[in-house]
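These notes are about the structure you will find just below.
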Amino acid sequence: IRDLAMNANGTSKLPIYVGEPVDQIEINGVPLLGTIYGNLMEWLETLKNEDKIASWEAYPYDWRYDVFDVVDDGTIKENGSREYLIETLEALAEDSFNGKVTIIGHSNGGLLAKALMIRLQEQGKEDLVDKVIFVGSPHVGTPQGMLGLLHGHQIVSPIIALNGTARASATTMPGAYALLPSHEYFDSASEPTATFQTGTATNPYINVLGETIDSFTENASFLLNTPQTRSA
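Numbering-wise (my numbering), the sequence shown opens with residue 143 and increments by one.
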């Protein structure tokens with residue numbers, strides 16, 4: 143977990159590379175948590191074998207980085223080379239039946255897909271994409287992003303939170319901050335991002351923010367530990 147920490151300028155402290163997509167997690171040969179991307183990859187391969195699609199390719203990336211940095215700077219592979227998302231997409235489009243590519247973005251991958259579309263539009267290449275399918279993507283942020291920065295939950299480990307160690311690493315990752323609830327989140331959210339229970343540690347926040355956090359300003363004040371005013 144400590145090895146995942148990044149420098150203040152948003153670069154990796156260690157030479158970390160990206161592997162292949164996880165089909166399923168196993169411990170001593172026993173599947174844990176069910177399939178991850180295994181079923182999806184098998185289905186795509188079936189479509190390819192049946193000539194329903196020309197080809198497909200997964201694009202694993204370093205989720206610690208800002209999504210625009212991933213598009214611009216590429217992904218470091220095990221051999222030290224960089225794989226660029228736009229180049230990958232162009233190759234798939236050239237091989238496709240209609241000269242276009244359908245993108246499936248899961249979770250933070252959806253935010254990466256949006257960054258990719260912005261860069262493609264800037265280059266006049268947006269017609270290379272037929273459609274984008276978002277699967278569970280936090281378009282306006284999510285309270286889970288707060289858990290990641292406060293406790294390392296989900297961002298560093300999808301199974302457990304390692305408290306101080308995970309938090310110290312998570313807070314150095316630019317990609318983690320893109321998951322925080324945005325202004326737009328609070329425009330549509332029906333539930334607060336946090337609820338305080340009365341106690342010695344929480345009373346100072348309750349006195350300033352109230353028992354719940356339900357605005358962008360309150361949320362930012364809580365995360366930065368700088369509560370100033372209470373919303374009317």
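Built from N, CA and C at the ideal position, the CB exists for glycine as well.
Backbone secondary structure at residue i - three-state DSSP
| i | result |
| --- | --- |
| F210 | helix |
| Q339 | coil |
| S154 | strand |
| V298 | Only weak support exists for where V298 lies, its pLDDT of 48 falling under 50; the value from the coordinates is given anyway. V298 falls in the coil class under three-state DSSP. |
| V350 | helix |
| M148 | strand |
| E333 | coil |
| Q166 | strand |
| D272 | strand |
| I355 | strand |
| K267 | coil |
| P285 | helix |
| S324 | coil |
| M259 | helix |
| T368 | coil |
| T307 | helix |
| G290 | helix |
| G161 | coil |
Spatial distance of residue i from residue j (CA atoms)
| i | j | result |
| --- | --- | --- |
| K267 | K242 | 10 Å |
| N149 | L291 | 16 Å |
| I245 | N191 | 19 Å |
| T314 | Q265 | 31 Å |
| G222 | Y201 | 16 Å |
| V164 | T368 | 40 Å |
| Y319 | A312 | 9 Å |
| L322 | A362 | 9 Å |
| A147 | S249 | 21 Å |
| G283 | S332 | 14 Å |
| A257 | Y347 | 36 Å |
| F328 | D193 | 45 Å |
| G171 | G180 | 15 Å |
| I228 | L186 | 21 Å |
| M259 | T188 | 27 Å |
| P334 | D211 | 31 Å |
| Y159 | V209 | 16 Å |
| A308 | N151 | 19 Å |
| E353 | Q339 | 7 Å |
| Q286 | N349 | 25 Å |
| D145 | Y203 | 17 Å |
| H281 | A255 | 11 Å |
| V298 | I143 | Here V298 scores only 48 on pLDDT, less than 50, and its place in the model is too uncertain to base an answer on. |
| L336 | R206 | Correcting the residue type first, residue 336 is Ala in the shown sequence and not Leu. One C-alpha to the other measures close to 24 Å. |
| S154 | S357 | 33 Å |
| E236 | L270 | 9 Å |
| I355 | E184 | 43 Å |
| A303 | H293 | For A303, the predicted structure reports a pLDDT of 49, less than 50, and the residue's modelled location is therefore unreliable. A value from the coordinates is still provided. Their backbone Cα atoms lie some 6 Å apart in a straight line. |
In DSSP terms, what residue i is bridged to
| i | result |
| --- | --- |
| V277 | H248 |
heavy atom of the ligand GDP below 7 Å from residue i C-beta
| i | result |
| --- | --- |
| P334 | The ligand GDP is not part of this structure, which contains no ligands at all. |
*asked:* What ranges does the beta strand (DSSP E) occupy inside the region 171-250, keeping only unbroken runs of at least 3 residues that lie completely in it?
replied: 172-177, 243-248
*Could you tell me whether the region 164-181 touches the region 211-224, where touching means 3 or more Cβ pairs closer than 8 Å?*
no
*Quick one: any contact between the region 153-167 and the region 267-277, if contact means 3 or more CB pairs under 8 Å?*
no
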